[in-house]
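In this note's numbering, the protein residues as written are 5 to 80.
As structure tokens, this is what we get:
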């Protein structure tokens with residue numbers, strides 16, 4: 005999502021129209037999920053442990069491993 009589109013979507017998330025606001029929130033969540041995967045992959049490639057990643061994301065090691073291990077292992 006281009007920078008301007010992200011700003012526009014963030015602005016739409018504050019809309020008084022629930023349909024507009026909820027659609028914008030969904031789009032932003034999806035973007036955040038994609039960015040998180042990119043950074044988890046980056047961290048693993050740089051030798052970070054699952055625990056270090058979990059600490060950075062403020063979740064358990066098990067949670068981050070369950071969510072991302074299959075994405076990263078498929079790449080190798």
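Even for Gly, the Cβ is constructed at its ideal location relative to N, Cα and C. Remember, predicted model here, so these are calculated numbers, not experimental data.
Residue state for residue 8 is assigned as helix, using DSSP reduced to three classes. By the CB criterion at 7 Å, residue 68 and residue 58 fall inside the cutoff.
Straight-line measurement puts the Cα of residue 48 at about 11 Å from the Cα of residue 55. Pairing residue 11 with residue 39, the inter-Cα distance amounts to about 16 Å. Residue 75 and residue 18 have their C-alpha atoms some 33 Å from each other.
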